[in-house]
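Enquirer: Have a look at this one.
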Amino acid sequence: MANLYGGSLLRVDLSTGEIKRTPTTQYSDLWLGARGFNARILYEETNKETDPMGPDNVILFSVGPFTGTMVPGSGRVEIGAKSPVTGIQGMSNMGGYWGPELKYAGYDSVIVKGAADKPVYISIYNDKVEIRDAAHLSGKDTYQTQDAIREELGDPEIEVVCIGPAGENMIAYASVHTRLGNAAGRTGMGTVMGSKNLKAIAVRGTKGVTLADPDRFMELCLEAMEVQKPLLDMGKTTDLLANDPPTWALTLGNYEASKWVKQKDLRHGHKPYWERHKNRQGQGITGCFNCQVRCMDYYDHPEKGPLVAS
Ligand code: SF4
Numbered sequence: 000m001a002n003l004y005g006g007s008l009l010r011v012d013l014s015t016g017e018i019k020r021t022p023t024t025q026y027s028d029l030w031l032g033a034r035g036f037n038a039r040i041l042y043e044e045t046n047k048e049t050d051p052m053g054p055d056n057v058i059l060f061s062v063g064p065f066t067g068t069m070v071p072g073s074g075r076v077e078i079g080a081k082s083p084v085t086g087i088q089g090m091s092n093m094g095g096y097w098g099p100e101l102k103y104a105g106y107d108s109v110i111v112k113g114a115a116d117k118p119v120y121i122s123i124y125n126d127k128v129e130i131r132d133a134a135h136l137s138g139k140d141t142y143q144t145q146d147a148i149r150e151e152l153g154d155p156e157i158e159v160v161c162i163g164p165a166g167e168n169m170i171a172y173a174s175v176h177t178r179l180g181n182a183a184g185r186t187g188m189g190t191v192m193g194s195k196n197l198k199a200i201a202v203r204g205t206k207g208v209t210l211a212d213p214d215r216f217m218e219l220c221l222e223a224m225e226v227q228k229p230l231l232d233m234g235k236t237t238d239l240l241a242n243d244p245p246t247w248a249l250t251l252g253n254y255e256a257s258k259w260v261k262q263k264d265l266r267h268g269h270k271p272y273w274e275r276h277k278n279r280q281g282q283g284i285t286g287c288f289n290c291q292v293r294c295m296d297y298y299d300h301p302e303k304g305p306l307v308a309s
């Protein structure tokens, strides 16, 4: 296995049940990262006649060379398919922990073709890959689905990407979810999962990722984290932890500045917003794999369990 890569692309055909692996090197020499894989494979395997909701569409869940390493913010997964919303290349990505787990299982992409004749989910445990019945998951929301799969497979460390009722019912802009509140919400990727009767992909990997020079790699990652620090406030839409509104103001103007001289004038001044949010503090903050922004407020709701607001 080449350094930084899982080593294989996992191909699953839901119409025939065929599961096979091809080497990542088929693409990684020319097409860098998850978007590179997705764009190239979509170009090769779909065309202008491909119906985004038909079995000939492919949906790809890909990770890049940094995913699962100490590189800050390297926990994301890029999802691609021909979009039912735009009719052209669809792409959306999300954080969480699924992407790193896929890399640790030895894969750089899961490429799903065809359509199942009943609801299914894909289970990946390193080299063991199965298409499993998902009839009992139909109608469950994305939190319930993740819990049910972890319980069924008996491993709390499993990471799950899944759709809820919107995806199952093929609402045109349905999103794909993982963990607490991570959503790939653009271009109807959840709709494509629904059209394939694919409720979820569960993954658990224990292989890790190899590096050529781990000590130097770590040094560079620590340097990158220092460079990031002054920018961290720009990543927050609301500063709920401090219960103080100014940082959300930075998002005005499409993040055009990291300091907005008038932001202090807004303290307690933007009444409708401030009244709505002033008591909305969670029990802590949380975030995605190896991301120091940690942009989510964590709540332990007495009835609904863990929830986040980001
Ligand atoms: S914690 Fe927030 S900023 Fe960091 S990767 Fe996750 S969603 Fe993005």
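The sequence shown finishes on residue 309 if you use numbering that gives the first Met the number 0, and the numbering steps up by one all the way, no holes.
Note that beta-carbon positions come from the ideal geometry of N, C-alpha and C, so glycine has one too.
Bear in mind the structure is a predicted one, so any value in this text is a computation, not a measurement.
List in chain order: all unbroken alpha helix (DSSP H) runs of 4+ residues lying wholly within the segment 74-125.
Expert: You should have 97-103.
Enquirer: What is the rounded straight-line gap between the Cα of Lys112 and the Cα of Lys81?
Expert: One C-alpha to the other measures close to 12 angstroms.
Enquirer: Run through DSSP, which three-state label would Lys127 get?
Expert: Here Lys127 sits in strand by DSSP.
Enquirer: On a Cα-Cα basis, can you pick out the residue from Arg20, Gly63 and Lys195 that is closest to Thr118?
Expert: Note that residue 118 corresponds to Pro in the displayed sequence, not to Thr. It is Lys195.
Enquirer: Within its chain, find whatever has a CB closer than 6 angstroms to the CB of Ser137; leave out the 5 residues flanking it on each side and keep chain order.
Expert: For Ser137, where only same-chain residues beyond five positions count, the Cβ hits under 6 angstroms are Pro118.
Enquirer: For the ligand SF4, is there any heavy atom lying closer than 6 angstroms to the beta carbon of Val84?
Expert: Val84 Cβ: outside cutoff for every heavy atom of the ligand SF4.
Enquirer: Tell me, which residues are paired with Asn181 by DSSP?
Expert: DSSP output for Asn181 lists Thr177 as bridge partner(s).
Enquirer: Would you say the beta carbon of Cys220 comes nearer than 6 angstroms to a heavy atom of the ligand SF4?
Expert: Incorrect: Cys220 has no Cβ contact closer than 6 angstroms to the ligand SF4.
Enquirer: Run the CB neighbour count on Arg215, radius 10 Å, all protein chains shown included, and call it buried at 16 or more, exposed below.
Expert: Classification for Arg215: exposed.
Enquirer: Mind checking if Ser14 is an interface residue toward chain C, Cβ cutoff 7 angstroms exclusive?
Expert: The structure shown contains no chain C; it is built from a single protein chain.
Enquirer: So, at 6 angstroms on beta carbons, what are the nonlocal neighbours of Ser61 in its own chain, with the 5 sequence-adjacent residues on each side left out?
Expert: Around Ser61: Ala33, Phe36, Asn37, Glu77 and Ser108.
Enquirer: So what does DSSP say about Ile157, is it helix, strand or coil?
Expert: Residue state, collapsed to three classes: coil.
Enquirer: Taking 6 angstroms as the cut-off, does the CB of Gly204 come closer than this to any heavy atom belonging to the ligand SF4?
Expert: Outside the cutoff, so no.
Enquirer: Is it buried or exposed for Ser314, if we count other Cβ within 10 angstroms and need 16 for buried?
Expert: With the chain represented from 0 up to 309, any question about residue 314 goes unanswered, as that position is not in the structure.
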